[in-house]
Amino acid sequence: MPRTVRDVVFVDGVRTPFGKAGGLYAETRADDLVVRVIRELLRRNPQLPPNRVDEVAIAATTQIGDQGLTIGRTAALLAGLPKSVPGFAIDRMCAGAMTAVTTVGSGIAMGAYDVAIAGGVEHMGRHPMGEGVDPNPRFLAEKLVDPSALVMGATAENLHDQFPAITKERADRFALASQQRYAKALAEGRIQADLVTVATRSQESGWGLASADEPPRPDTSLEKLATLRTPFRPHGRVTAGNAAGLNDGATGCLLAAEEVAQELGLPVAMRLVSYAYAGVEPEVMGVGPIPATEKALRLAGLSISDIGLFEINEAFAVQVLAFLDHFGIADDDPRVNPWGGAIAVGHPLASSGVRLMIQLARHFAAHPEVRYGLTTMCVGLGMGGAVIWENPAWEGDK
Ligand SMILES: CC(C)(COP(=O)(O)OP(=O)(O)OC[C@H]1O[C@@H](n2cnc3c(N)ncnc32)[C@H](O)[C@@H]1OP(=O)(O)O)[C@@H](O)C(=O)NCCC(=O)NCCS
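Everything in the sequence shown is counted per my numbering, starting at 12 for the first residue and increasing by one.
Here it is, written out as structure tokens:
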């Protein structure tokens, strides 16, 4: 049977407000966060009959307890999607939601699905990083990886070693800008548009409503950042101020074949152009976005100068700066993370990839002069992921 690859579009995306581990969502289940996201996607897109959703792919890094039991399927059932809609769970650590998008996006291109939901969740409060892991002793016994490869903050210190031009002062300056850009976007009402409120419960304070991100620190100053301790190495450079924190949150998006979006009257926010994942040395996992981006550009027949907007996950400032240095982009380039990034808003591991996409979709709508945008992130154990998107609002070369 002859097949035609179909164009894949990002229709819409939403996320819960992000919380600090042990904060806002201390007594809220991870699967309930995903349910809110799925229900909001359906509420915002009433043209979409729920039985037209062909798949629900939800990522989580720690797939046990309320993040286990095949969370794509359990969340779909809990959200009230018809029982005929299947679902699955997916894991590529920090790039979980990104991988959910590229996996079901590929399924749409191949004709297996018309419409799908992809997203991710991480409740780092209920599931601390590394919970239940059992690395094979061969990793260290046979020196397959450096011992620091298993501690993300230590890999960030290794990056500072590898790129001495990226000083702690530069990392702190980048972190401050992230906080300032997020605060500005929030004040302008830009962040709120894609947040779904979550009812919370606390034994102590009763019911509450999560409607805003908890991690940002608008009072951040360079002076204060300079005083923070370096938990991953004595006299190191990585601090709580220039790293993403430990966070809880969920994200999700609707993807569709472009022709099906047209048929159903669904909006087209972004068109999928290409994607790639790449492996690097695990002890410097933060450089992963560089080869992933180079490969995604190559697959698309584009060069870095074709990219007009960047959403780069800020696991650590040093890792974003290594990417920017590699491609010759200034630390404060306004095309990069215009609303700040994970250093300010938080990084609930497997959920973050779709947060990048939600924001890029908003930037595209506001920038019809930009044709292509990039979402990219580093991944533990030495990987990077990159997805290139086209702006449907692009007005053409003037
Ligand atoms: C870096 C890390 C260890 C810090 O954890 P933590 O100590 O619980 O962080 P906190 O939020 O309590 O911050 C530590 C201190 O810095 C201060 N601080 C943090 N950010 C600040 C800022 N922007 N401005 C001023 N002070 C700040 C806090 O107030 C706190 O001060 P205190 O000790 O006086 O209370 C943790 O966030 C971490 O592991 N991050 C990386 C997560 C990760 O690896 N993700 C995967 C990426 S691949």
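We put the beta carbon where it would ideally sit given N, CA and C, even for glycine.
This one's a predicted model, so the numbers in the text were calculated from it and none came from an experiment.
For residue i and residue j, what's the separation of their Cα atoms in angstroms?
i: residue 275; j: residue 285; result: 24 Å
i: residue 303; j: residue 345; result: 22 Å
i: residue 476; j: residue 362; result: Residue coverage of the chain in this structure runs from 12 to 409, which leaves residue 476 outside it and unanswerable.
i: residue 125; j: residue 119; result: 6 Å
i: residue 33; j: residue 250; result: 19 Å
i: residue 168; j: residue 371; result: 29 Å
i: residue 323; j: residue 127; result: 24 Å
i: residue 368; j: residue 320; result: 11 Å
i: residue 453; j: residue 178; result: This structure leaves residue 453 out entirely; the chain is present only between 12 and 409.
i: residue 243; j: residue 39; result: 30 Å
i: residue 380; j: residue 137; result: 43 Å
i: residue 88; j: residue 94; result: 6 Å
i: residue 56; j: residue 277; result: 7 Å
i: residue 163; j: residue 241; result: 13 Å
i: residue 104; j: residue 160; result: 14 Å
i: residue 229; j: residue 194; result: 6 Å
i: residue 359; j: residue 353; result: 9 Å
i: residue 205; j: residue 337; result: 32 Å
Counting along the chain, where does the beta strand (DSSP E) carrying residue i start and finish?
i: residue 23; result: 19–26
i: residue 399; result: 394–401
i: residue 180; result: Note, residue 180: premise wrong, no beta strand (DSSP E); alpha helix (DSSP H) at 179–198.
i: residue 234; result: Run containing residue 234: none in the beta strand (DSSP E); it sits in the alpha helix (DSSP H), 233–236.
i: residue 96; result: Here residue 96 belongs to no beta strand (DSSP E), and DSSP marks it neither H nor E.
i: residue 388; result: 383–390
i: residue 241; result: No beta strand (DSSP E) contains residue 241, which DSSP labels as neither H nor E.
i: residue 262; result: 258–268
i: residue 220; result: 217–221
Flag this pair as yes or no: are the beta carbons of residue i and residue j separated by less than 7 Å?
i: residue 130; j: residue 365; result: yes
i: residue 293; j: residue 258; result: no
i: residue 25; j: residue 51; result: yes
i: residue 267; j: residue 20; result: yes
i: residue 325; j: residue 255; result: yes
i: residue 327; j: residue 301; result: no
i: residue 395; j: residue 289; result: yes
i: residue 282; j: residue 148; result: no
i: residue 18; j: residue 269; result: yes
i: residue 150; j: residue 144; result: no
i: residue 299; j: residue 189; result: no
i: residue 295; j: residue 47; result: no
i: residue 397; j: residue 272; result: no
i: residue 82; j: residue 68; result: no
i: residue 253; j: residue 182; result: yes
i: residue 70; j: residue 107; result: yes
At which residues does the alpha helix (DSSP H) containing residue i begin and terminate?
i: residue 102; result: From DSSP, residue 102 is part of no alpha helix (DSSP H); its letter is neither H nor E.
i: residue 69; result: Careful: residue 69 lies outside any alpha helix (DSSP H), inside the beta strand (DSSP E) at 64–70.
i: residue 213; result: Element bounds for residue 213: not the alpha helix (DSSP H) but the beta strand (DSSP E), 209–213.
i: residue 376; result: 363–377
i: residue 355; result: 353–356
i: residue 83; result: 82–89
i: residue 41; result: 41–55
Taking all protein chains shown into account, decide if residue i is buried (16 or more other Cβ within 10 angstroms of its Cβ) or exposed.
i: residue 245; result: exposed
i: residue 218; result: exposed
i: residue 62; result: exposed
i: residue 28; result: buried
i: residue 49; result: buried
i: residue 75; result: exposed
i: residue 231; result: buried
i: residue 42; result: buried
i: residue 12; result: exposed
i: residue 408; result: exposed
i: residue 77; result: buried
i: residue 248; result: buried
i: residue 192; result: buried
i: residue 199; result: exposed
i: residue 343; result: exposed
i: residue 382; result: buried
i: residue 141; result: exposed
i: residue 197; result: buried
i: residue 312; result: exposed
i: residue 393; result: buried
i: residue 133; result: buried
Taking Cβ positions only, does residue i come closer than 7 Å to chain D?
i: residue 327; result: Annotation note: the requested chain D is absent from the structure, which comprises a single protein chain.
Next on the checklist: Quick check for students: name the residue ranges of the alpha helix (DSSP H) that lie wholly in the stretch 275–337, counting only runs of 4 or more.
Outcome noted: 300–311
Item to check | Segments of 4+ residues assigned as alpha helix (DSSP H) that fall wholly inside the stretch 109–178 | outcome: 149–152, 163–173
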